[in-house]
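Visitor:
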Amino acid sequence: MQKADLIVGLQWGDEGKGKIVDNLAQNYDYVCRFAGGHNAGHTIVVDGTKYALHLVPSGILNPKAINIVGNGVVLSPESFIKELEQFENIVGRVYISDKAHLLLPYHALIDQARERLKGDKAIGTTGKGIGPAYGDKITRVGHRVGELLEPQKLVDSIMSYFAINKPIFDAMGVEQPNRDELTKDILFYKQELELLITDTTLKVWEALDSNKQVLLEGAQGTMLDIDHGTYPYVTSSTTVSSGACSGLGLSPHTIGEVIGIAKAYCTRVGNGPFPSEDLGREGEYLREKGHEFGTTTGRPRRCGWFDAVAMKHAVRLNGVTNISLMKLDVLDGLETIKVCIGYNIDGKVVDYVPYTLDGVEPIYKELKGWSKTEGVREFDSLPQEAQDYILELERLCGSKIGIISTSPDREDTIIRD
Ligand code: GDP
Ligand code: IMO
Ligand code: MG
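FYI, in the working numbering the residues of the sequence shown are 2 to 418.
1) What three-state label does DSSP hand residue 327 in the structure shown?
2) Return the CA-CA distance between residue 310 and residue 12, expressed in angstroms with no decimal places.
3) With distances taken between CB atoms, is the gap from residue 175 to residue 263 smaller than 8 Å?
4) Tell me whether residue 196 is buried or exposed, calling it buried when 16 or more other Cβ atoms sit within 10 Å of its Cβ.
5) Does the beta-carbon of residue 302 have 16 or more other beta-carbons within 10 angstroms, so that it is buried, or is it exposed?
6) Is residue 361 helix, strand or coil by DSSP?
7) In chain order, what residues place their C-beta within less than 5 Å of a heavy atom belonging to the ligand MG?
8) Thinking just about the alpha-carbon of each residue, which of 397, 164, 28, 56 is nearest to the one in residue 102?
9) Taking just the CA atoms, how far does residue 40 sit from residue 53?
10) Tell me residue 344's beta-bridge partners as DSSP assigns them.
11) Count the other CB atoms within 10 Å of the CB of residue 299; is the residue buried (16 or more) or exposed (fewer)?
12) Could you check how far apart the C-beta atoms of residue 406 and residue 312 are, in whole angstroms? I think they sit under 8 Å.
13) Just to confirm the assignment, what range does the alpha helix (DSSP H) spanning residue 245 have?
14) Using DSSP bridges, identify the partner residues of residue 263.
15) Residue 271 and residue 245 - do their beta-carbons sit closer together than 8 Å?
16) Would you say residue 225 touches the ligand IMO, meaning its beta carbon is less than 7 Å from a heavy atom?
17) According to DSSP, simplified to helix, strand and coil, what is residue 202?
18) Given a cut-off of 8 Å on the beta-carbon distance, is the pair residue 335 and residue 5 in contact?
19) Ordered along the chain, which non-local residues of its own chain (more than five positions away) have a Cβ less than 7 Å from that of residue 320?
20) If I follow the unbroken alpha helix (DSSP H) through residue 108, where does it start and stop?
21) Identify every residue that forms a DSSP beta bridge with residue 218.
22) Of the residues 318, 367, 317, 360, which one's Cα is nearest the Cα of residue 341?
23) Residue 353: buried (16+ other C-beta within 10 angstroms of its C-beta) or exposed?
24) According to DSSP, is residue 396 part of a helix, a strand, or is it coil?
25) In the DSSP assignment, find the beta strand (DSSP E) that holds residue 305 and state where it starts and stops.
26) So, helix, strand or coil for residue 1, using DSSP?
27) Taking 7 Å as the cut-off, does the CB of residue 1 come closer than this to any heavy atom belonging to the ligand IMO?
28) Going residue by residue through the stretch 65-89, where are the continuous beta strand (DSSP E) segments of at least 3 residues, counting only ones entirely within it?
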């Protein structure tokens with residue numbers, strides 16, 4: 002049976018998934034996104050031109066690939082339509098699951114209102130409405146993409162949802178949509194998207210049955226997973242590899258390779274614990290050199306060192322068969338490089354991820370730095386210290402590092418075997 006390969010983020014998102022999906026998409030017929038929404042920001046650089054993708058799968062730059070937005074995604078029609086404007090000949094090349102949930106403008110207002118009310122306990126969400134949209138799905142009051150095909154019924158249902166929740170929305174200062182404006186918007190979404198809406202589960206099954214090469218694209222990262230991340234400072238979806246099964250309608254038997262994406266250091270946007278964060282000069286160096294500012298919100302990313310404890314955990318959780326190590330070049334020029342190899346919790350040293358990472362102190366090992374890896378395309382051409390760093394990370398995480406990235410460009414990628 003043909004299997005689908007999977008790309009998953011192993012840290013707190015922004016590991017460089019977009020670059021690798023784009024690079025690998027050249028060998029795949031289908032690229033299928035399985036979770037998240039337009040909170041994601043996947044950057045792809047081709048011949049010096051930069052593309053920022055949020056909902057459209059990163060296979061879009063490969064003219065041959067068919068791109069699928071699965072049922073596990075929460076879809077903002079407004080954001081999706083805008084994003085599609087960058088590309089031509091979309092019909093027949095992009096499909097959206099009729100079972101994906103709609104993320105509508107009021108979800109963003111609710112998200113922002115909740116964050117405001119939380120004050121210093123705010124999660125630091127992207128403010129796009131992700132939590133409220135998944136919340137509606139789970140509490141069974143959401144609306145699905147397939148409902149766009151019956152606009153009047155959908156408008157009635159949204160208006161009645163507002164009527165039922167009026168006291169809550171009034172308390173949060175979230176206004177009820179105007180019926181006429183809502184109708185206009187829904188009719189516009191239908192007009193723009195109706196040719197893309199389909200049963201994507203059947204599409205992926207057909208692809209596998211006819212021996213097509215299928216790549217599954219995750220968003221966010223393992224430590225932002227709703228169950229396995231640093232709750233409540235997480236996103237609202239299953240970001241780990243098992244999310245690909247429910248988010249597209251695939252059985253675990255259909256998953257082939259699991260390619261985990263990790264930066265050669267570590268970043269996080271938003272609030273919540275981050276044991277290997279470096280608040281000093283070196284963290285600042287990584288932020289400036291790595292251009293660590295959010296693709297979706299422009300916020301500065303918090304920066305720190307590679308956390309091998311969290312990585313070992315992520316490798317196991319996702320069933321990673323191969324790691325892609327990204328942004329090695331950002332470490333160029335550092336005299337020493339730290340790697341977190343354990344956590345100190347009130348005097349007790351552990352090498353696993355505990356119930357909470359709050360208050361955990363990192364234990365570091367120091368390795369020797371190197372001068373330059375930027376643009377290198379062969380493993381043997383890397384400085385010896387960089388090779389040693391990669392081999393040490395492999396040992397600490399218990400996984401092969403098969404791909405190494407040395408610049409944002411599609412071609413500056415080392416494939417080890
Ligand atoms: P994603 O959300 O996982 O797809 O990652 P993002 O696109 O949000 O962030 C990764 C950033 O790193 C983007 O700006 C990429 O262009 C950039 N990038 C990816 N790989 C490399 C690399 O090897 N070196 C450098 N310097 N930048 C990279
Ligand atoms: P990609 O796919 C990094 C973070 C937010 C916040 C938390 C919850 O580009 O790797 P949300 O808006 O999802 O409710 O915010 O999750 N977050 C991301 N951080 N990369 C992402 O996506 C993220 N998507 C959400 O910053 O801390
Ligand atoms: Mg990103």
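Ideal Cβ placement from N, Cα and C applies to all residues, glycine included. Note that the structure is predicted; figures quoted are calculated from it, not measured.
Guide: Quick answer:
1) Position 326 of the sequence shown, counted from the first residue, corresponds to residue 327. In this structure, residue 327 counts as strand in the three-state DSSP scheme.
2) Looking up residue 310 in the sequence shown gives position 309. Looking up residue 12 in the sequence shown gives position 11. Residue 310 and residue 12 have their C-alpha atoms some 11 Å from each other.
3) Here the question's residue 175 lines up with position 174 in the sequence shown. Here the question's residue 263 lines up with position 262 in the sequence shown. The answer is no: Cβ separation not under 8 Å.
4) Along the sequence shown, one-based indexing puts residue 196 at 195. The residue in question, residue 196, is exposed, as its Cβ has fewer than 16 Cβ neighbours within 10 Å.
5) For this step, residue 302 is matched to residue 301 along the sequence shown. Buried is the call here.
6) Here residue 361 is taken as the residue at index 360 of the sequence shown, counted from 1. Here residue 361 sits in coil by DSSP.
7) Selection output, chain order preserved: 15, 42, 296.
8) The residue given as residue 102 occupies position 101 in the sequence shown. Looking at the Cα atoms, 56 is the closest of the given residues.
9) Start at 1 with the first residue of the sequence shown, and residue 53 comes out as number 52. Start at 1 with the first residue of the sequence shown, and residue 40 comes out as number 39. Answer to the nearest angstrom: the Cα atoms are 12 Å apart.
10) Walking along the sequence shown from the start, residue 344 turns up at place 343. Answer is 351, 363, bridged to residue 344.
11) Position 298 of the sequence shown holds residue 299. Burial call: exposed.
12) The count along the sequence shown starts at 1 and reaches residue 406 at position 405. The count along the sequence shown starts at 1 and reaches residue 312 at position 311. Actually they are not in contact, since the Cβ atoms of residue 406 and residue 312 sit about 16 Å apart, beyond 8 Å.
13) For this step, residue 245 is matched to residue 244 along the sequence shown. Unbroken alpha helix (DSSP H) run through residue 245: 243-249.
14) Within the sequence shown, the letter at position 262 stands for residue 263. Here residue 263 is bridged, per DSSP, to 326.
15) Along the sequence shown, one-based indexing puts residue 245 at 244. Along the sequence shown, one-based indexing puts residue 271 at 270. Contact flag unset, no.
16) Position 224 of the sequence shown, counting from 1, holds the residue named residue 225. For the ligand IMO, a non-hydrogen atom lies closer than 7 Å to the CB of residue 225.
17) Within the sequence shown, residue 202 is the residue found at index 201, counting from 1. DSSP, reduced to helix, strand and coil, places residue 202 within a helical segment of the structure shown.
18) Numbered from its first residue, the sequence shown carries residue 335 at position 334. Numbered from its first residue, the sequence shown carries residue 5 at position 4. Taking 8 Å as the Cβ cut-off, residue 335 and residue 5 do not qualify as a contacting pair.
19) By 1-based counting over the sequence shown, the position of residue 320 is 319. So the qualifying residues of the chain are 242, 259.
20) Position 107 of the sequence shown, counted from the start, is the residue given in the question as residue 108. DSSP places residue 108 inside the alpha helix (DSSP H), whose first and last residues are 106-119.
21) By 1-based counting over the sequence shown, the position of residue 218 is 217. Paired residue(s): 8, 34.
22) Reading the sequence shown from its first residue, position 340 is the one you call residue 341. Residue 341 has its Cα closest to that of 367, out of 318, 367, 317, 360.
23) Along the sequence shown, one-based indexing puts residue 353 at 352. Residue 353 counts as exposed, since fewer than 16 other C-beta atoms from the protein chains shown sit within 10 angstroms of its C-beta.
24) For this step, residue 396 is matched to residue 395 along the sequence shown. The three-state secondary structure of residue 396, taken from DSSP, is helix.
25) For the purposes of this step, residue 305 is identified with residue 304 of the sequence shown, where counting begins at 1. Taken as a continuous stretch (DSSP letters only), the beta strand (DSSP E) holding residue 305 covers 303-305.
26) Absent from the model: residue 1. The displayed extent of the chain is 2 to 418, so no value can be given.
27) The structure shown does not extend to residue 1, since the chain is modelled only from 2 to 418, so the question has no answer here.
28) The stretch 65-89 contains these whole beta strand (DSSP E) runs: 67-70.
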